[in-house]
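Quick notes on the structure that follows.
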Amino acid sequence: MKIGIPRAFYYHSYPRLWECFFQRLGHEPVVSLQSSQKTLEMACAQTETENCLPQKLFDGHLLSLIGSVDAIFVPRILSIVNGHNCCPRFGALPDATRAGIARGVPLISIEINETAAPLSKTLRNLARTLEADRRTANLAVQEAFAAMEEFHREEAHRQQEQCDNRRFLLLGHPYTLHDQFIADPIIQKMKKLEAPLERMTFADNNIKPGDILWCVFNKMYHKLQGLDPHAYAGVIQISTFNCGADSMMVERFQRVCRNKGVPYMLLTMDEHSGKTGVDTRLEVFVESLSWQRVRAAK
Amino acid sequence: MKERLAIPNLGNYTVALAAMVNGMGAEPWWSTYTNDHAMALGIAAAPESVCLPFKAHLGHFIEADDAGVENALMVNSIGACRLNYYRGMLEETLKDMGRKIRIFGLGFDGFKPPVFRYFDPPLIPLLRAVYIGVEKIRAIDTIEMQTACTRAREINTGETSLLMERCLRELSEIHTKKEVRLFRKDLPRRFAAIGIDNKRDPLRIGLVGEVSLLRDRQLNQNLEQILGHRGVEIKNFFLLGGEIGNNFGITMGYKKNTAKQLAVVAKPYLGCEVGGHSRDSVAHTINCAHAGFDAMVHVCPAGCMPEVSIRPILRRVSEDMDIPVLHLSFDEHTCALGMATRVEAFLDILWSRRRRCLGRTKRQGRI
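If you read the protein sequences in the order shown, they are chains Y and H. Taking this note's numbering, the leading residue of the first sequence gets 172, the next gets one more, and so forth. Taking this note's numbering, the leading residue of the second sequence gets -8, the next gets one more, and so forth.
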C-alpha cells in the first residue's frame, strides 16, 4: 500500500520515523516534496483563510499527495512529551482533514498521547491494525526509533562543529525550522553573511515541567534560560503568521533575552514570496551586532 | 475600607460573579461589557497577534488600575487553548507598564486558590455568597432565554432590550437568596407584559463559538440585538448555569447537553476535545440541524486556535445536515456596520430559503 506522508507538522517533529516505520512494515511511504511557493498556492485556493502558515503548507502537501497514494497518514497528536500538550490544532487535525481537504481519501490515523501511552506502544498498535505480525511490528518500531535517533545524532554533530565560534541561535517549531519554504531563506542568507547559525534541536525530552504546557515552547524556554551570552551573538526567532501559540510565547522569550542581555530578533514569516524583507533585516541584525563587537574591542 | 477586586467580563453573568466576590470580603469592580475606552487601551498595550478577548481583558484591567483597584481576578482554563497563559501574560504586560494591580488566578496551587488565601474569607458568608451567585446565574439564564424569545416578536423594537437592562440592574441590587428566587419566578410575567406579534414566525438561529465573543456585546458588536431586531429568535449556547451544571455535574435544572452527551453527538465528526468550546460547537450544530433550526452562526476571535481549526468540520456538518452556518470572526478592526451587512445578507438568504420551503420549518424540535 502506498502511504502518503505530508512533509509538514509531525513529519518534522518525528524526523525519519514514519518513513522507516512504514517501510519496515512492507508498505511504500510517499513523502511529499519540499514545500515551495507552489505548495502554498495550491493550498490557498482551498484552505481556511484564517489558518496559520504551517497549516496552509500542510494542506498544500496533502493536496499534492491526493490521487497518487492509497491512503494518507494523519495522526492526532495530543502530546509529544509526557506531561505536556500540543497546539490545539493537532487535536482536530485528522477530523478537519477528513472533513475538508482530503474528503473521501482513506486516512490512517492514530492518537499520539505520550501522557497516556508511550509512542512505541501506539506504533505497535498501529502496526497490528495494518496487519503486521507481532515480530515485524516490534522490529519496525525499533528500527524507526533508531532512524530518528540517527537523525538527532547527525544534527547534534552538525551543531557541534560550530561550537567554537560565537553563533546565532535560530528558534522556532520543528516544522518551521526544517521547512524549506519558511526557514531556508533565513539559513541561506546567514550562510551568505558567513554568520554561524545553530538550529534549535528538540531531541532531549527530559524537560522540567513548568507553567508552559506546550512542549516545544517549554524546550525553547529552557534553552533560552540556560543560554550563555558569551557563546551566542544573538537569537533569531521564526514566528509564522497567525500562529496562536507564537503570539503568546514570543513576548515572554523576548523578556528572557532582554534580561540576559542577548540580542533578540523576531521574524514573522507569511505567505508572501518576496524574501527581500527577510534579507534586509538579517543583514542589519548581523552587521549591527558585529559593529557592536568592534566597538567593544576598542 | 474593603479592597477592591476587578473581575473579568462575562457579559451579563458578571452580575452573578460580582455577588460572589462580594461575599469573599472584597468589593467587586465590574462591568457587563468592555467599553470603547478599555478596548483602545488594551489594543495599544497588547502584542499585535493575540486574540481579541485578551485585548479586552487587558484593557479592562488597565482601566481598573487607573481607577485605583488593587486586585484583579482572571480565569484559567484546562486544555490546550491560549487561555491557559492569559493570566501570566496579563501579569507580565501590566508589570512592564509599571502598573501595580495584582492578578490572581483561579487555579489551585496547593490547598486553595491564591485569591482565597489572600482575602481569607470566613467560610459561612462565602458559602452564602456562592449560593446567591448560583441563584443569580439561574436568574440570568432565565433573563437571557426570555429576552431571546421576546425580542424576535416584540411590536415596539427595543422594548425587550430595555427591560433586560432594567432586570439586570435590579438583580445586581438584590442581596438575599430568597429575593433572587422570587425575582426569577417573577421574570416570565414581566417579559409577558411586552406586546408581541403572535403571528410572526421568527427564524431560529443558534449561536455557537467562543465564550467571550458570545457573551461580551462590545466584542461581538451587539450581534444578539442585531439578530433579534431583525426578527430572529436566537439560542445562545453559552448559558453559564447550563455550563456549570454540565461540567461539574451539579444539576441546576439542566439535564440536557452535558459535556458527555455532547461528546457522543460530536464523535462522528470530531473525536477529541480540542480546547475552548469547539467540541460543543460541533455538537450543538448537529443537534440544531436535527431540531430544525434555520441556521447557525459561529463566532470566534480572528485566529482563535480551536475554533478556527474546527471550521472545516462545521462546513462539512453544514453540507451533510443541510443547515447553513455563518462563520464570523472578529478582531479590533471589525466594524458594526460591516458585520450587520453580512448578517442581513445571510438573513435574506434564510428568508428566501424558507419561502421556497427549503428551510425546515415543519420540524419544530426543542433543544
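Where a beta carbon is used, it is the ideal one built from N, C-alpha and C, also for glycine. These numbers were taken from a predicted model, which means no experiment stands behind them.
Boundaries of the beta strand (DSSP E) in which residue i is found, first to last residue
i                 : result
Ala63 (chain H)   : 62 to 65
Leu340 (chain Y)  : 338 to 342
Gly405 (chain Y)  : 403 to 411
Lys226 (chain H)  : 223 to 227
Phe456 (chain Y)  : Looking at the DSSP string, Phe456 (chain Y) is not in any beta strand (DSSP E); the run it does join, the alpha helix (DSSP H), is 447 to 468.
Arg(-5) (chain H) : -5 to -3
Ile243 (chain Y)  : 242 to 244
For residue i, the three-state DSSP class (helix, strand or coil)
i                : result
Asn26 (chain H)  : coil
Val419 (chain H) : Past the boundaries of the shown model lies residue 419 (chain H); chain H is included only from -8 to 358, so the question cannot be answered.
Met172 (chain Y) : coil
Met88 (chain H)  : coil
Gly381 (chain Y) : coil
Asn296 (chain Y) : helix
His349 (chain Y) : coil
Tyr503 (chain Y) : Only positions 172 to 469 of chain Y appear in this structure, which leaves residue 503 (chain Y) out of reach.
His324 (chain H) : coil
Arg160 (chain H) : helix
Met384 (chain H) : Outside the modelled stretch of chain H, which goes from -8 to 358, sits residue 384 (chain H), for which no answer is possible.
Glu201 (chain H) : coil
Arg191 (chain H) : coil
Arg370 (chain Y) : strand
Tyr435 (chain Y) : strand
Leu398 (chain Y) : coil
Phe284 (chain H) : coil
Residue-chain proximity (residue i, chain C), Cβ-Cβ < 8 Å
i               : result
Met15 (chain H) : The question asks about chain C, but that chain is absent: this structure's protein chains are Y and H.
Chain Y within 8 Å of residue i, Cβ atoms only
i                : result
Arg73 (chain H)  : yes
Ser343 (chain H) : no
Pro303 (chain H) : yes
Glu83 (chain H)  : yes
Ala293 (chain H) : yes
Cys263 (chain H) : yes
Ser300 (chain H) : yes
Val202 (chain H) : no
Pro105 (chain H) : no
Ser40 (chain H)  : yes
Arg90 (chain H)  : no
Pro315 (chain H) : no
Tyr4 (chain H)   : no
Ser309 (chain H) : no
Gly79 (chain H)  : yes
Arg206 (chain H) : no
Tyr24 (chain H)  : no
Identity of the residue in the options nearest residue i by Cα
i                : options                                : result
Cys215 (chain Y) : Y:Phe229, Y:Met436, Y:Cys428           : Y:Phe229
Arg247 (chain Y) : Y:Val465, Y:Leu290, Y:Ser206           : Y:Leu290
Ile34 (chain H)  : H:Phe52, H:Ile(-2), H:Thr23, H:Gly233  : H:Phe52
Pro113 (chain H) : H:Pro44, H:Lys251, H:Arg181, H:Asn13   : H:Asn13
Gly283 (chain H) : H:Leu341, H:Gly2, H:Met11, H:Cys291    : H:Leu341
Leu319 (chain H) : H:Arg78, H:Gly294, H:Arg307, H:Asp313  : H:Gly294
Met391 (chain Y) : Y:Leu368, Y:Ala354, Y:His344           : Y:His344
Ile235 (chain H) : H:Glu126, H:Leu64, H:Asp111            : H:Glu126
Ala287 (chain Y) : Y:Tyr181, Y:Lys431, Y:Ser250, Y:Arg195 : Y:Ser250
Lys46 (chain H)  : H:Phe228, H:Glu18, H:Asn0, H:Ala17     : H:Asn0
Leu471 (chain Y) : Y:Ala416, Y:Pro277, Y:Val457, Y:Val433 : Absent from the structure is residue 471 (chain Y), since the part of chain Y shown begins at 172 and ends at 469.
Ile185 (chain H) : H:Leu173, H:Arg208, H:Ile146           : H:Ile146
Arg345 (chain H) : H:His48, H:Arg195, H:Val66, H:Val202   : H:Arg195
Gly59 (chain H)  : H:Arg306, H:Arg78, H:Glu18             : H:Glu18
Neighbour flag for residue i against chain H, beta carbons, 8 Å
i                : result
Ala179 (chain Y) : no
Arg429 (chain Y) : no
Ala450 (chain Y) : Going by the sequence as given, residue 450 (chain Y) is Asp instead of Ala. So no, Asp450 (chain Y) is outside the interface.
Met391 (chain Y) : no
Leu249 (chain Y) : yes
Met419 (chain Y) : yes
Glu190 (chain Y) : no
Element boundaries [alpha helix (DSSP H), containing residue i]
i                : result
Trp21 (chain H)  : Looking at the DSSP string, Trp21 (chain H) is not in any alpha helix (DSSP H), and its letter there is neither H nor E.
Ile128 (chain H) : 114 to 142
Leu173 (chain H) : 168 to 183
Ala317 (chain Y) : 305 to 332
Gly96 (chain H)  : Here Gly96 (chain H) belongs to no alpha helix (DSSP H); instead the beta strand (DSSP E) covers 93 to 96.
Ile384 (chain H) : With chain H covering -8 to 358 only, the question about residue 384 (chain H) has no answer from this structure.
Leu249 (chain Y) : Looking at the DSSP string, Leu249 (chain Y) is not in any alpha helix (DSSP H); the run it does join, the beta strand (DSSP E), is 247 to 250.
Runs of 4 residues minimum, wholly inside the region 291 to 320 of chain H: which ones carry the alpha helix (DSSP H) assignment?
296 to 300, 302 to 312
Please go through the region 189 to 229 of chain Y and give each complete beta strand (DSSP E) segment of 3 or more residues, from N-terminal end onward.
Counting only runs of 3 or more, we get 199 to 202.
Go through the region 256 to 294 of chain Y residue by residue and report every complete run of the alpha helix (DSSP H) that reaches 4 residues or more, in order.
Entirely contained in the region 256 to 294 of chain Y, the alpha helix (DSSP H) runs reaching 4 residues are, in chain order, 259 to 270.
Alpha helix (DSSP H) runs contained entirely in the region 35 to 62 of chain H, provided each spans 4 or more residues
43 to 57
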